Structure formats: structure tokens, C-alpha cells
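Notes for the one structure printed next.
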Amino acid sequence: MQRRRRRKAEPKNIFGTGSQSSKKTSPSKTRVPKAVRPRPQAAPPSVPGAKPNLAPVKTPSKPEKNVEDELENKIEQTPIIEENIELEEDQISIEKDQILGDNSRKDIGITKTENESQEIVEPDSSGKSQKAMQIIQDSLRKATKAVLMEKKESQDGRKLPSSDAPERPKKPQKKLRNRVSSYQPASRAKRLDRSRHMEYKYEMRGLLVELGVAEEHRSNLLATIWARGERQTINEAKEFLQEKLHEGAIDSQQMESLEKVVDGYTIRR
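For the sequence shown, this note's numbering assigns the number 246 to the initial residue and increments by one for each residue that follows.
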């Protein structure tokens, strides 16, 4: 059984002329006109000084209901009551289903055909289906094949390496260093002391001024004597002084005084 739905209410016509004034009238309620109590009207006195005769008051009779209106109201009220009863019954049945846990639904009307065939897997006597037995047999065959192949390979020996396989590049070997060092320390000889370079510069500069050596030769003598005596030996520094003596830049007395300064700064290293 399908539920009966209520009739949809007609949409309100807000643009109509009588939309505001018209109101829904309930079919069950009918307006009963209120009884108006008539006021007694006094008759004019016939004789002066006499009391006015009051007219007899008529009690208003109750308005009789129209029989046809009552019949129409009863007819209109009956379907609403039936619908309400059906809705209440449906609601009660839904509540019972929720409480008792009955999830059964009403049939829609579609019935299943009796000729529907379902594939039934017939179990073997051992409790396994034919499909499962076939899968087990296939796996056993594969396992036996693999065991036989391994035995053949072990009998034939190891497989030869394929020529197509790429060769691994060899790692470059590190060069071995010679354990014997090629460092040879300089032989010990008489040289000028490096730690007294600034002291030598001040002393030699003042001596060249005192000896009266030409200004154009002073810087050359000061730098070259120190360079040869500190990097090589004092013999090379004294040879340089002999060269300057032959050139005429210095005389013999000046050469002797300069050689004394060189000997004063000489050490063995």
C-alpha cells in the first residue's frame, strides 16, 4: 500500500486584488450570528400624566442551522480525518520497526523470476571445489618444473657469461708516492742573519752617507749586498764589492769598511 499524499496548497496570489482581504475559512467552523437584544420602545402616553405602556419584549429565536451546510461540512471533514488516521498508523509502524529492529520493507511489486539459475559449486568429497583443486594441481606442476630445471643447470655447470653484458669500468688506480723524499736541505754556510734585516738597513744607510759614497750608488749597494749575502753566501757579497771597486763607484777604504759591516751580520746557517 502506498501512502496517500496531501493535496498541495495552491500558491498564494500576492498580486491579486482580493489576496489581502481573502482569508482561508476552515470548513469545520461556521460563524453563528450573535443574537441582538432588542431594546424595548416606549409607546406615547395616551393620557397626560399616565405611565407609558411598555411593548411586549419578544425573545429572539435561535438561528436554525442550514441542513445543507452541515452535510457539506461533514463531507469535507471526512477525507482529512482518514488521511490523519493513515499518517498516524504509518508513524506507529515506523516507530515499531525502529524499536524492534525490523528492517523489512514493503514490496514494491517487483517479483523475482523463478527461472534464475545460480552457479552452484559442487564440493568434492574432501571439501574442496573443483576450481580450487585445479589451481593446486597447476601450482604443483610449476614447482616440479622449476626443480627439474635447477637440477639440469647444476649438472651442466655454471652458465657462461653472456657477451652482451656490459663490462664494468675499471676504477683508476691511485699513483703511489715515493717514500724517499726529494727534499735536500741547503748546506750550512756563512750567510747574513735574516732577523737583523731592519738593523742592517739603518746601519748601512748611515755608513754610506758618512763614507761619502755617491747618492746614485747607495741604494744599489745597500740592496745587492743584502740579497747576495742572505740568499747565497757572504763570499758573493764581497765579490760584488770588488766589482764596484773596479767600476770606480767606491774606493779601497770604503770597501774595507763595508766588508766589516758584512762580517758583523754573518752567521752560519
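Glycine included, each C-beta is placed from N, C-alpha and C at the ideal position. Note that the structure is a prediction, hence the values are computed from the model and not measured.
Beta-carbon contacts of residue i that lie in its chain and below 6 Å, excluding the five residues immediately before and after
{"i": "LEU490", "result": "MET500"}
{"i": "ASN480", "result": "none"}
{"i": "ASN462", "result": "Reading off the sequence, residue 462 comes out as His, not Asn. Cβ within range, chain order: ALA494."}
{"i": "THR469", "result": "PHE485"}
Supposed close pair residue i, residue j - CB separation, criterion 8 Å
{"i": "LEU453", "j": "LEU467", "result": "7 Å"}
{"i": "GLU460", "j": "LYS483", "result": "In fact, because the Cβ distance is near 23 Å, the residues do not count as touching under 8 Å."}
{"i": "ARG514", "j": "ARG450", "result": "Rounded, the Cβ-Cβ distance is 25 Å, inconsistent with contact."}
{"i": "ASP335", "j": "ARG248", "result": "6 Å"}
From the options, residue whose alpha carbon lies closest to that of residue i
{"i": "VAL458", "options": "ALA494, GLU444, ARG248, LYS396", "result": "ALA494"}
{"i": "GLY509", "options": "ASP496, ASN465, LYS435, ARG248", "result": "LYS435"}
{"i": "LYS446", "options": "GLN379, GLN382, VAL506, VAL425", "result": "VAL506"}
{"i": "ARG439", "options": "THR511, LYS387, SER338, GLU395", "result": "THR511"}
Same chain only: Cβ atoms within 8 Å of residue i, ignoring 5 sequence neighbours per side
{"i": "SER384", "result": "none"}
{"i": "ASN423", "result": "none"}
{"i": "SER502", "result": "LEU452, LEU456"}
{"i": "ARG441", "result": "TYR510"}
{"i": "GLU395", "result": "none"}
Proximity below 8 Å, CB of residue i to CB of residue j
{"i": "PHE485", "j": "ARG473", "result": "yes"}
{"i": "LEU437", "j": "TRP471", "result": "yes"}
Spatial neighbours of residue i in its chain, beta-carbon cut-off 7 Å, leaving aside the 5 residues before and after
{"i": "GLN487", "result": "none"}
{"i": "GLU448", "result": "VAL506"}
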